[in-house]
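If you read the protein sequences in the order shown, they are chains A and B.
Numbered according to the working numbering, the first sequence spans residues 1 to 406.
Numbered according to the working numbering, the second sequence spans residues 1001 to 1231.
C-beta: ideal position from N, C-alpha, C; glycine also.
Each remark here refers to the structure printed beneath this line.
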Amino acid sequence: MIANLAWKNIWRNKVRSGVILGAIGVGLFAGFYSSAFMSGWVAGTVSSDVDTYLSHAQMHDTAFLANGDVSAFFMQAQAAEKIEQSGLPVSVSFRLKLSGMLASANNAIGVSAKGVAVEEEKAVSAIWRQIPDTLGAFLPNEARMPVVISRKIAEKLKVKLKSKLIFTFQDATGEMQSVAFRVCGIYKTTNGAFDEGNIFVRRDDIFAYTGLPDGAVHEAGVKVADMETCRLVVPQLKALFPELDVQGWGEINPMLAVSMEMMEIFAIIINVIFLFALSFGIINTMLMAVLERTRELGMLGAIGMSKGKIFRMIMLETVFLTLLGSLAGMAAGVAAIAPVMESGIDLSFMMEDMFEDFGFGSVIYPVLSVEMFVEILALVIIAGIISAIYPARKALKLNPLDAIRK
Amino acid sequence: MNAIIEIKDLYKIYKDQAQEVRAVNSVTLSVGEGEFTAIVGPSGSGKTTLLNLIGGLDTPTSGSLSIAGKDISRLPGKQMTTFRLHHIGFIFQSYNLIPVLTAKENVAFVMELQGRKRDEIDRRATELLHAVGLGDRMDSRPAKLSGGQQQRVAVARALASKPQLVLADEPTANLDSKSAENLLDIMEQLNRQEGVTFIFSTHDPRIMAKAKRIVTLEDGTIVNNEQRMAE
């Protein structure tokens, strides 16, 4: 009954309700769209970084992370066996990781070379997908001493496919080793910083030059099905390998983890600001609605409607108005977002390089999630209830005598 | 006849800076069940104040006031609201219907506040609207009804809660004479049928002509309390 009356009361002044509904709708559309956009940006950046270089987790010898010492290794066979026995749902790529100089006939730069087993690496990282068809392939079997470099490195060293490069590094015994490779593929990720310093070679090709014992590796990249599994698996890996340094992606790149959290907090802050601003509009509208009904609210009191019910009626009117506007805004948001969820929003027309230098992709795939709906709806309901309190309290102060006197 | 209203030495005094206004001044009155009573008097004589006190919309400065055996002069607000809901019906000069509800919904509203059953509400709202001659306008909103029709809906609403007492403040003041006559006939008939006590504050000679008792107020004091014989 009260809900029915509250609902009908909203439509007394269609223009006024329409204006505030429009304001709430537009505000929520913007909030919802920006949340989906930021979530997409967050998810896209994390998944691209996890796919290309972070993996969900990495394992190293404890000394390796401290100084990148070539001789800080662990044994692949034992680690692989432990993982297999544990039954953890993971894919693992065991890598050699060597820092050194990469030189062409024209130039030389410092890089980190990852020695990988091709099939293992393909199961863990998506770097092989970042090589366009016209720019070669990821360490093909038939190639002799192949190396995959990035487009940025190719530009700096002024090389192209099939060019010869010399990689010089210090082996486990402290001797300098120079190994010749030929460019077999040129990749490009959305992370400019990564592209500037990483090359890929076959593990077996470079192993002979490292001076390491058979089966030694520097790094294990671990990939799982999704972020949720990652949260569960990382602590288990840590328990399984107490002698190694096991790090989740957020520990390897805390800046990424922090900036992603910041973005999520940002999205919430933006929505809260939207709603805060809207609350004033809602309070104003409801206050007008209450004050112009002084006589009627007094009459309701006179005929026996309790103050509690009058309070509830005004609260419900506000909540209905807010919910209706928000649902309309969110529906418009979904309608605008759904078509670009697959294709993405391409921002490369403005400052592609800048985005990539900061490790962000320039194509954003907005993300809609149930959590987002629930979060925004909860915020809206809270804002609606808070905005309703003042007008509703005002209504309570009206005296039924006003009705009978007029 | 049992008394539905018992008023003893009732005062309502307003203090306006240095001045003291005795809107109701030592009123003692007893009204029996089923009476059709008019409170008359010049403007400012205290009619509306007395009616507000009887309706529990205002609290007396001193004295006692019982409705249906219950002293309401000191009832707290919440209990007073509940008491009004179950025992008193109101008819206002300017109808005061809820504009967003239909005639039937307006009549049903009070019963819904009382928490009655749906089918009972539906039946009584329909009966009452038929009784006030608006059986064909049940789904009309107040804005689509004439003043006389709106006031008839208000009468039906006042009776919907099955009150023992209906208080009407100048109910015919905004009506043309034909609508006023019609409304009075309906109220008189319902007074007989339902056995409800009606108290009017009025200037209208037509109401006075139909009233079984006329209480005349002057300066907040009863100067005449005239009981008429039933016709």
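Starting from the C-beta of residue i, find all residues in its chain whose C-beta is less than 7 angstroms away, skip the five residues before and the five after it, and write them out in chain order.
{"i": "A/Lys394", "result": "Leu287 and Val290"}
{"i": "A/Phe181", "result": "Met145, Pro146, Val147, Leu165, Phe167 and Val201"}
{"i": "B/Thr1102", "result": "Met1138, Asp1139, Ser1140 and Arg1141"}
{"i": "A/Lys468", "result": "For chain A, the structure presents residues 1 to 406; residue 468 of chain A sits outside this window and is missing."}
Measure from the alpha carbon of residue i to the alpha carbon of each residue in the options, then state which is nearest.
{"i": "A/Val217", "options": "A/Arg95, A/Ser39, A/Asp346 and A/Met313", "result": "A/Arg95"}
{"i": "B/Ser1062", "options": "B/Gly1032, B/Phe1083, B/Asp1136 and B/Thr1028", "result": "B/Thr1028"}
{"i": "A/Phe349", "options": "A/Gln85, A/Val363 and A/Ser343", "result": "A/Val363"}
{"i": "A/Tyr187", "options": "A/Asp204, A/Thr134 and A/Phe169", "result": "A/Thr134"}
{"i": "A/Gly27", "options": "A/Trp41, A/Ile273 and A/Ala335", "result": "A/Ile273"}
{"i": "B/Met1208", "options": "B/Ser1073, B/Glu1181, B/Gly1195 and B/Gln1151", "result": "B/Glu1181"}
{"i": "B/Leu1057", "options": "B/Val1153, B/Thr1037, B/Arg1074 and B/Asp1185", "result": "B/Arg1074"}
{"i": "B/Ile1098", "options": "B/Arg1157, B/Leu1134 and B/Glu1170", "result": "B/Arg1157"}
{"i": "B/Thr1082", "options": "B/Leu1129, B/Pro1163, B/Val1132 and B/Gln1017", "result": "B/Pro1163"}
{"i": "A/Met299", "options": "B/Ile1091, B/Lys1015 and B/Ile1072", "result": "B/Ile1091"}
{"i": "A/Ile131", "options": "A/Gly174, A/Gly185 and A/Trp41", "result": "A/Gly185"}
{"i": "B/Ile1235", "options": "B/Gln1019, B/Thr1048, B/Gly1077 and B/Tyr1014", "result": "For residue 1235 of chain B there is no data in the structure shown, the boundaries of chain B being 1001 and 1231."}
{"i": "A/Gly211", "options": "A/Lys122, A/Pro366, A/Ser125 and A/Leu98", "result": "A/Leu98"}
{"i": "B/Pro1076", "options": "B/Thr1059, B/Ser1201, B/Gly1034 and B/Thr1172", "result": "B/Thr1059"}
{"i": "A/Pro366", "options": "A/Met330, A/Ala3, A/Pro254 and A/Trp41", "result": "A/Trp41"}
{"i": "B/His1130", "options": "B/Thr1197, B/Ala1160 and B/Asp1016", "result": "B/Ala1160"}
{"i": "A/Ile83", "options": "A/Ala336, A/Ala338, A/Lys238 and A/Glu292", "result": "A/Lys238"}
{"i": "A/Met38", "options": "A/Pro391, A/Arg293 and A/Ile268", "result": "A/Ile268"}
In chain B, what lies closer than 9 angstroms to residue i by C-beta?
{"i": "A/Met397", "result": "As written in the sequence, residue 397 of chain A is Lys, which differs from the Met given in the question. Simply none; closest approach about 12 angstroms."}
{"i": "A/Met263", "result": "Neighbours of A/Met263 on chain B: none; closest Cβ ~45 angstroms, over 9 angstroms."}
{"i": "A/Met1", "result": "Ala1108, Phe1109, Glu1112 and Leu1113"}
Could you compute how far the alpha carbon of residue i sits from the alpha carbon of residue j?
{"i": "A/Ile282", "j": "A/Ile24", "result": "9 angstroms"}
{"i": "A/Tyr209", "j": "A/Gly115", "result": "11 angstroms"}
{"i": "A/Leu321", "j": "B/Gly1055", "result": "35 angstroms"}
{"i": "A/Val50", "j": "A/Gly248", "result": "10 angstroms"}
{"i": "A/Ala328", "j": "A/Ala43", "result": "26 angstroms"}
{"i": "A/Leu278", "j": "A/Trp11", "result": "19 angstroms"}
{"i": "A/Val46", "j": "A/Asp171", "result": "33 angstroms"}
{"i": "B/Asp1204", "j": "A/Ile20", "result": "46 angstroms"}
{"i": "B/Leu1051", "j": "A/Val374", "result": "53 angstroms"}
{"i": "A/Ser17", "j": "A/Met315", "result": "15 angstroms"}
{"i": "A/Glu81", "j": "A/Gly87", "result": "10 angstroms"}
{"i": "A/Asn141", "j": "A/Asp204", "result": "12 angstroms"}
{"i": "A/Phe74", "j": "A/Phe207", "result": "14 angstroms"}
{"i": "A/Asp214", "j": "A/Ala57", "result": "24 angstroms"}
{"i": "B/Arg1022", "j": "B/Leu1010", "result": "11 angstroms"}
{"i": "A/Lys162", "j": "A/Ala220", "result": "29 angstroms"}
{"i": "B/Gly1195", "j": "B/Glu1020", "result": "40 angstroms"}
{"i": "B/Ile1232", "j": "B/Ser1030", "result": "Since the first and last residues shown for chain B are 1001 and 1231, residue 1232 of chain B lies out of range."}
{"i": "A/Leu5", "j": "A/Thr285", "result": "18 angstroms"}
{"i": "B/Ala1173", "j": "A/Gly333", "result": "55 angstroms"}
{"i": "A/Ser343", "j": "A/Gly192", "result": "22 angstroms"}
Mind pulling the chain A residues with CB within less than 7 angstroms of residue i?
{"i": "B/Ala1057", "result": "As written in the sequence, residue 1057 of chain B is Leu, which differs from the Ala given in the question. Within 7 angstroms Cβ-Cβ: Ala302, Pro400, Leu401 and Ile404."}
So residue i contacts chain B; which residues on that side make the cut at Cβ distance below 7 angstroms?
{"i": "A/Glu228", "result": "In chain order: nothing, as chain B lies at least about 49 angstroms away."}
{"i": "A/Arg312", "result": "None at all; the shortest Cβ gap to chain B is about 12 angstroms."}
{"i": "A/Pro288", "result": "Looking at the sequence itself, residue 288 of chain A is Met, so the reference to Pro does not match. In chain order: nothing, as chain B lies at least about 16 angstroms away."}
So residue i contacts chain A; which residues on that side make the cut at Cβ distance below 8 angstroms?
{"i": "B/Val1110", "result": "Ile303 and Gly304"}
{"i": "B/Thr1081", "result": "Gly301, Gly304, Met305, Ser306 and Lys307"}
{"i": "B/Lys1078", "result": "Ser306 and Lys307"}
{"i": "B/Arg1084", "result": "Ala302, Ile303 and Gly304"}
For residue i, go through chain B and note every residue whose CB falls closer than 8 angstroms to its CB, in chain order.
{"i": "A/Lys8", "result": "Val1100 and Leu1101"}
{"i": "A/Glu296", "result": "Asn1096, Ile1098 and Pro1099"}
{"i": "A/Arg12", "result": "Pro1099 and Val1100"}
Given residue i, which residues of its chain have a CB within under 6 angstroms of its CB, disregarding the five upstream and five downstream residues?
{"i": "A/Ala410", "result": "The structure shown does not extend to residue 410 of chain A, since chain A spans only 1 to 406, so no value can be given for it."}
Going by beta carbon distance, what residues of the same chain come within less than 8 angstroms of residue i, once the five residues before and after it are set aside?
{"i": "B/Asp1071", "result": "Ser1064 and Leu1065"}
{"i": "B/Gln1227", "result": "Lys1212 and Arg1213"}
Taking C-beta pairs closer than 7 angstroms, name the residues in chain E that residue i reaches, listed in chain order.
{"i": "B/Phe1200", "result": "Among the protein chains in the structure shown, which are A and B, there is no chain E."}
Would you check if there are 3 or more beta carbon pairs closer than 8 angstroms linking the stretch 222-234 of chain A to the stretch 64-71 of chain A?
no
Between the stretch 255-262 of chain A and the stretch 307-314 of chain A, do at least 3 Cβ pairs fall closer than 8 angstroms?
no
Would you call the stretch 49-63 of chain A and the stretch 228-242 of chain A in contact, with 3 or more CB pairs under 8 angstroms?
yes
Does the stretch 1027-1045 of chain B come close enough to the stretch 1213-1223 of chain B to have 3 or more Cβ pairs within less than 8 angstroms?
yes
Cβ contact check for the stretch 1165-1177 of chain B and the stretch 1111-1131 of chain B: 3 or more pairs under 8 angstroms:
no
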